[in-house]
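See structure below.
In the working numbering, the protein residues as written are 7 to 148.
Given below as structure tokens:
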């Protein structure tokens, strides 16, 4: 799952963070689909889980702060989507801590992660850029 320029919202900081998320999710998908022994892939899976748990907090905070700065009208809906995703990540982290990192659950998590990223960045976040343009503003703020 590669970054496409069409996913850009025109805000440098947010776009760079999105690119990093796409890169990490693409790499995660590659690892979980690999034919290597599962045990050999576990370290990369753990690294991705740790990254996602921490990075989404930073990214969501930056994105929500930007929305506040521009008085984005759908900020509460956006915050709810972020909260739901954070909750989902935390549920998987708890599940993995309790039951271990099984290949089946990791693949399930990977599928949800990819779906969320495409829907959220490809649709919801696009509305931020559209709002700024509709107000006659420049999106290229950071």
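Ideal Cβ placement from N, Cα and C applies to all residues, glycine included.
The structure presented is a predicted model; accordingly, all values stated were derived computationally and were not measured.
So for residue i, helix, strand or coil by DSSP?
i           : result
residue 8   : coil
residue 117 : helix
residue 21  : helix
residue 83  : helix
residue 148 : Confidence at residue 148 is low in this model, with a pLDDT of 48, below 50, so the placement of that residue should be treated as unreliable; the coordinate-derived value is given next. DSSP places residue 148 in coil when its eight states are reduced to three.
residue 128 : helix
residue 101 : helix
residue 13  : helix
residue 94  : helix
Where do the N-terminal and C-terminal ends of the alpha helix (DSSP H) with residue i fall, by residue?
i           : result
residue 54  : 44-75
residue 133 : 131-140
Whole-angstrom Cβ separation of residue i and residue j, contact assumed at under 8 angstroms?
i          : j          : result
residue 66 : residue 30 : The Cβ separation is near 15 angstroms, so there is no contact.
Apart from the five residues on each side of it in sequence, which residues of its chain come closer than 6 angstroms, Cβ to Cβ, to residue i?
i           : result
residue 148 : Interpretation of residue 148 is limited by its pLDDT of 48, a score under 50 that renders its predicted location unreliable; no figure is taken from the coordinates.
Out of the options, state which residue places its alpha-carbon closest to the alpha-carbon of residue i.
i           : options            : result
residue 46  : 109, 9, 27, 141    : 109
residue 120 : 28, 48, 93, 12     : 28
residue 125 : 55, 88, 72         : 88
residue 36  : 139, 135, 117, 136 : 117
residue 129 : 79, 73, 84, 53     : 84
residue 25  : 92, 123, 48, 140   : 123
residue 141 : 81, 77, 107, 48    : 77
residue 59  : 42, 12, 100, 80    : 100
residue 113 : 55, 92, 70, 13     : 55
residue 79  : 135, 97, 127       : 135
Residues in its own chain within less than 7 angstroms of residue i by CB, not counting five upstream and five downstream?
i           : result
residue 132 : 15
residue 48  : 107
What does a CB cutoff of less than 8 angstroms around residue i pick up in its chain, not counting 5 residues either side in sequence?
i           : result
residue 68  : 19, 20, 23
residue 111 : 98, 101, 102, 105
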